[in-house]
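Counting from 1398, one number per residue, gives the positions in the sequence shown under my numbering. Even glycine gets a Cβ: it sits at the ideal position worked out from N, Cα and C. Quick caveat, the model's predicted, so the values are computed rather than measured. Structure first, commentary second.
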Amino acid sequence: MTALQNLLCTVIAARSSRRLLSKSSLILPFRSSFCFPLTSQSRLAGFACPVSISTMSQHNRGRGKHNEANWVQKPDPLVPSSSKDTISAAENVVGNPVISSPIQFGSVARKFGTQSGGAKLSAEKSANEKSIGNLSKLFDNFSVDNSTYSLAQIRATFYPKFENEKSDQEIRTRMIEMVSKGIATVEVSLKHSGSLFMYAGHEGGAYAKNSYGNIYTAVGVFVLGRMFREAWGTRASKKQAEFNEFLERNHMCISMELVTAVLGDHGQRPLDDYVVVTAVTDLGAGKPKFYSTAEIIAFCRKWRLPTNHVWLLSTRKSVTSFFAAYDALCEEGTATPVCKTLDEVADISIPGSKDHTEVQGEILEGLVARIVSHDSLKHMEQVLKDFPLPPLEGAGLDLGPNLREICAANRADEKQQIKALLQEVGTSFCPKYLDWVGIEGNDSQSRNVDQSVISKFLQSSPADFSTTKLQEMIRLMKEKRFPAAFKFYHNFHKTDATSSDNVHLKMVVHVRSDSAFRRYQQEMRRNPGLWPLYRGFFVDINLSKDGKQKDTENLRNNNDPEKSAHDNGSAVNDLADDDANLMIKLKFLTYKIRTFLIRNGLSILFKEGPGAYKSYYQRQMNIWNTSPGKQKQLSNLLDEWAVYIRRKHGNKQLSSSTYLSEAEPFLEQYAKKSLENQILIGSAGNLVRSEDFMAIVVDGGRDEEGDLETEKAAAPSSPSPVHVDTVPKDEGLIIFFPGIPGCAKSALCREILNAAGGLGDDRPIHSLMGDLIKGKYWDKVDEQRRAKPRSIVLADKNAPNEEVWMRIEGMCRKTKASAIPVIPESEGTETNPFSLDALSVFIYRVLQRVNHPGNLDKDSTNAGYVLLMFYDLYDSKSRAEFESELIERFGSVVKMPLLKPNRKPLPDSIKSVIEEGLSLYSLHKRRHRKLDSSKGSYANDWVKWERKLRQTMFSNAEYLDSVQVPFESVVEQVLEQIKTIMKGEYKAPTSAQKRTFGNIIYAAITFPVSEVINLLNTMGEKNSKVGAFLNNANIETSLKQAHMTLAHKRSHGVSAVAGYGPFVGREVPVGVKALVFNDKMAALETLPGSVDGETILSRNDWPHITLWTAQGIPAKEANTLPQLHSKGEATRVDIDPPLDITGVLEFH
C-alpha cells in the first residue's frame, strides 16, 4: 500500500467512526466477465450470446476482500488522536486533494481501521502531500509544442438537443404525413418527473446534466445500485461487477431519468425512488451511437434495468388518434387514464418496468413523441419475443437502508450524505470514490486555468479522428461565441499515469442557453460534417508529448469523406435531418399547475405581490392557449392559493425545493370542494413528507441537475394573434424603449411632445429623460404615474431586460395604465434581436454626439464598450423571441424604422471591428464581470480597440449615412403605429395555426343549418303532421347549429373520441331515415356513410341530429325519443328512401 493510500484509509476510518447506522450495507464482491458483445452493425445479435444467469454465486451481506486494504471492524468507539491529526492534514492539502488509488469501504457507517499501522503513513505523508499539491503545477508547466498531441474521448452524453423550427401543429402534420406514407413510425414515451443521470461504469464515472462528483450523482449511483439489488437479489454483487466491467470494456454509457424525493420538488413527490433508462450509448467508435428503443429494451431486460413505458404508432389512424387523445386529455390527464387511452389507440404498447402510478404517482409530467424508423414495430416485436420481462429476485429481501433513511441519518452536510450513500452502495458497484472525495474542498479550478486548458487542447495536434471532430466543435463554439462553458477538472482516475509530459483531464461542456443548440443546428446545415452538440457532455482529455497517444490509422480518416459521411448519417434510415429529429413534448396541465403556476410563481408572489402573480399566471395560460373554462377555474384556484400561502407565511418566501409540503395539502382540500375541482387538480392527498430526508444541496441557485436555471415555460415560437382593445382615455399610458443608446429614442420623444394634436386625445404628455433624472429612474416614473394617473409618460431611457419590463407591468397594474414598447426595427441575429448592421449605426450615431447629458458621446473614451455592454444585455434572445415576449406582456409593439431594406451589405471592415470588440467584451466580462473597461487586464486592449473603432466608423461615414431611414419618415411611422394601438386597431403578426388544447369533448359530424332546414321543408311539404310541427316549433329561426354526435369522452371514453382523428375535416355522407318528435323535442334519425371505404360508426345507441327542445329541456334528452315513441309518447315519420345530407367530421 502506498503512503497516499495509507493516508486516505486513515482519513476515512476517522470520519466513519463518527456515526453509526442501524443496518449494514450489502458489500458486493467481484470480478467476473459477462459475454454480451454488441457491435454498431448488429447490436441485437449480441443479445443472443449465451449467458449463465442461474448459476451465479449467492449474494452475501459480508465485507468484500480487496488487495489494497483489508478493513476490520473496530470494537473500540474511540478515534485515535493520530487519526484526527491525519484528517486535519488531509483537509489542508494545497489545491485539489488527489487520490491515486481506489478507496475501499466496508459496511456502512461503522467504525473502521486498517491492519496497517500509522507509523508508515506518518513517514510518507509529507512526500505525498507534495505530489498532490504538484498536480496543478504539472499542468501549469505543461507547454504545447510540435510534439504535443491530444486524445479526446467522450465519456458520457445524452441525445443531441434538436430545436424544432416548426410549430407544434406543423410537427404534428409532418409526423402524420410521414407515417401515412409508410416511411416512419411515431414513438411515444412517458416523461417522468426527475433529472438526467448518466452512468459509464465505476471508472467512466457518474454524471448529472452539467456536473459530477456531487450529491446528485451520489444519489444516482445509490438508486441504480439498489435497482440491481432489487432485480438480482442475492446475485446482485456479481451482476453489478459484471455490469461495470461490461461498460468499461465496451466504452458505453447509460442515461436515466432519476426520480427521487430527496433532491427537490417537481410536480409530485414520488412514492418511491427509482431510475428509468432512457438512452444507451456506444462510445467505443468515438462518435456516440445511440441504441434504438428496441435495443434499449433488450439491453435493459438482459441486465434487468428499469425501462420506460413506450407506445408505437405505425398507421395514420393510430397517430392521428394519439394526437386527438392528447388534446382531449391535456387539461385533465393523469397517469392512469393517459396510459389506458394510449394502450387503446397504439399499435403496440410496451409497459415500463416501473408502473408510474406505483412509484411516481398519478401526476404525469407529459409525453414525448418522436419519429423513429418504419421498421421499429417489427424490431420491437422481435425483442419482446426474445427478451421477456425478467423476474425481480430481490422482492421480499432485506435490501438495507433506503435512500430516504440514509439521507435522514446524515443531515450534517452534503459531504457526509455523499459518503454514507456511496458506502451503502458497496464496493462491487462503487469501489472508487475519486470523483467525490477527490474534489473535496475545491470542486473546480480557477477560470484562468480553464482558459489555459482549452487553449492548449485546441493548439495540440489531434491523436485520432474523434479528437479532430471534438476540436472542430469546440473551436466553432468559441469562435461564434456560443453561450457555453468548457470546465476542466483533474482526472483522478488517471493520477498514476500523470506526469510532466502526460496530463489527464475531464472536460464538461456546459451549454448555458437553448439558443446555442439552435445556432449549432444551423451550423450543421452549413457543414454536415460537424458532430452534433449533445446534452450532458463529458470528455476525457489526455495531453501528451512525443505523440504517445497518436492513432495514425484514425488520423488518416480525418480527410476521408466516406468516413465522415458514414459517421454523420441520419438517425432514422435515410430521412432528411429535419425529419429524423422531429420530436414534440406534450405536457399535462395537472403537472403545470404545480410546477409552472405554483412553484415557479413563488418568487413573483412573495416579492411583487398577488397582482404581479395574477399577471404571471394569466400570461402563462395565454401562452399555453388554455381553454376559457379552465382559465376561469385556474384563476379561482390560484387566487385562493395566493391568499392562503401569503397569510400563512407572510413575506417569508416558501422554498421551491419543498413547496409541495404546503401546496399538496392545500390542493387536497381544494379538490374536496367539488367534482370540477377534483378534475382540475387531477390527484392530491398522497403527500410524501420529505423535510427529514432531503439531500443537502445549495438552495436557491441550483436546480436538480446542478444547473443555474430552473424549469421555465416554453415561449411561443412566434407571436400569436393578439387584439388590443382601445386604450381607455381615462387611464394612463407608458411609452417605453427596449433599445440601445443611439437608437434615437430621445429625439423621437421630442418629436412626440411637439407633434400637432399630440397622440389624438387630450391627455397630457410628459417626457422623463433618463440622463437628466437624479436617483433611481424607474422610481421617478412610478412617482409620475401616481401623481398624474391620466397622463402619457414617455420613458426616455433604455429598457433592455425583463426586470424592467416587469417593473413597468407593475406600474400599469397599480395605476390603471397601459404600456407600449417602441423598438428599433432590425433583422436581428440568431441570438440577439439587433443585427450587427443596427449596432454599427447605433455606435456611429453615439460617436457623432456632442455635449450629451449622459456623457456618452464622441468625447467618451469608452463609448464603444458601453454600446457593447448594452448589446450584450439582449444576448440569447432571437428577434422572434424578443418581439413575442413584448407582445405577450404588453399586447403590442411599435417598430422604429432604422435601415433601408435595399441597402448594400455591411462593409467587412465594420463587421470585423465589431466582432473583434464583441470577442474582447466576452473575455473582459468572463474575467472582470461589470468592471469598467479602463480597469482590469484588458485595459490596454480596450484603448487600442476604441481608437480602431472610431477610425473604422468615420472612414465608412458615407455608407453609414446612406443606409439609415430618414428621421422624418421614422417619426411619421411611429406616430401612426402608436395611434393605431390607441384606437384598438392593432393586430400582432400571426403565426401558424395554434393547436386547440383541452377543448375536445366529443366528435361529431356538423351540417350546414340551411341544408337541414331545406330537408325539413321538403318533408313538411309531403307530410302535413311534419308541416304542422315545424310551424309550431318555429325550428327555422330557433335552429342555430346542427350536428350528429359520434362519441363523447365522458360517455364513451377518450380513445373512442380520438379514434375519429383520421377523418377530421373530411366530408361524410349521412342518410336521414326519420323525423321523431313530440311537444318537448325533435330529432332526425341518421345513418353515417363511409369515407375512403371505411364506414363511420357512431358510438351513440341512436345516431341523430337534435333539432329542437322546449325551454328547460337539455339537448341530451333527445336520446330518449325512440323509447318515447315505443310508448306512444312521440311521433315517428319514416323517410323512405332516406334523404342524403353531407357534413364535416369535427372535434368539439
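Taking the Cβ atom as the reference point for each residue, do residue i and residue j lie within a distance shorter than 9 angstroms?
i       : j       : result
Ile1651 : Leu1644 : yes
Val1905 : Tyr1886 : yes
Pro2138 : Val2247 : no
Arg2496 : His2545 : no
Gly1630 : Gly1791 : yes
Lys1558 : Phe1914 : yes
Gly1933 : Phe1555 : yes
Ser2188 : Arg2160 : yes
Ser2334 : Arg2344 : no
Thr1712 : Val1576 : yes
Leu1986 : Glu1728 : yes
Glu1584 : Val1707 : yes
His1907 : Gly1602 : no
Thr1738 : Val2473 : no
Ser2352 : Arg2300 : no
Ser1750 : Leu1702 : yes
Leu1994 : Leu2035 : yes
Sort out for me which residues DSSP pairs residue i with in a bridge.
i       : result
Met2203 : Partner(s): none; Met2203 has no beta bridge.
Phe2134 : Asn2195
Met1904 : Phe1885, Val1936
Gly2540 : Val2465
Ser2501 : Checking the displayed sequence, the identity of residue 2501 turns out to be His instead of Ser. Its beta-bridge partners are Glu2482.
Arg2529 : Val2473
Arg1767 : Glu1584, Met1980
Tyr2013 : Tyr2013 is not bridged to any residue.
Pro1929 : The partner list for Pro1929 (beta bridge, DSSP) is empty, contrary to what the question assumes.
Thr2492 : Ser2487
Helix, strand or coil for residue i? Go by DSSP, reduced to three states.
i       : result
Val2461 : coil
Lys1714 : helix
Phe1993 : helix
Ile2020 : helix
Asn1899 : strand
Cys1727 : coil
Pro1685 : coil
Phe1427 : Reliability of the predicted coordinates at Phe1427 is poor, the pLDDT of 34 falling under 50, and no value is obtained from them.
Thr2415 : helix
Trp1629 : helix
Ser2164 : strand
Thr1614 : helix
Val1541 : coil
Ser2397 : One point to set straight first is that residue 2397 is Ile, not Ser, in the sequence displayed. Looking at Ile2397 - three-state DSSP - the assignment turns out to be coil, as it is neither helix nor strand.
Ala1603 : strand
Ile2217 : strand
In the DSSP assignment, the alpha helix (DSSP H) including residue i goes from what residue to what residue?
i       : result
Asn1641 : 1633-1647
Tyr1596 : Premise fails: Tyr1596 lies in the beta strand (DSSP E), 1592-1596, not in any alpha helix (DSSP H).
Thr1754 : 1753-1756
Thr2377 : 2364-2379
Trp1700 : 1690-1700
Val1834 : 1831-1834
Val2454 : 2451-2455
Ala2184 : 2174-2184
Thr1864 : 1862-1876
Which residues mark the beginning and the end of the beta strand (DSSP E) in which residue i is found?
i       : result
Ala2439 : 2439-2445
Gln1550 : 1545-1554
Glu1584 : 1582-1588
Val1674 : 1671-1679
Ser1746 : 1745-1747
Pick out the complete alpha helix (DSSP H) segments inside the stretch 2235-2292, 4 residues or longer, and give them in chain order. 2260-2270, 2276-2287
Where are the alpha helix (DSSP H) runs, 4 residues long or more, that stay fully inside the stretch 2290-2343, in chain order? 2305-2325
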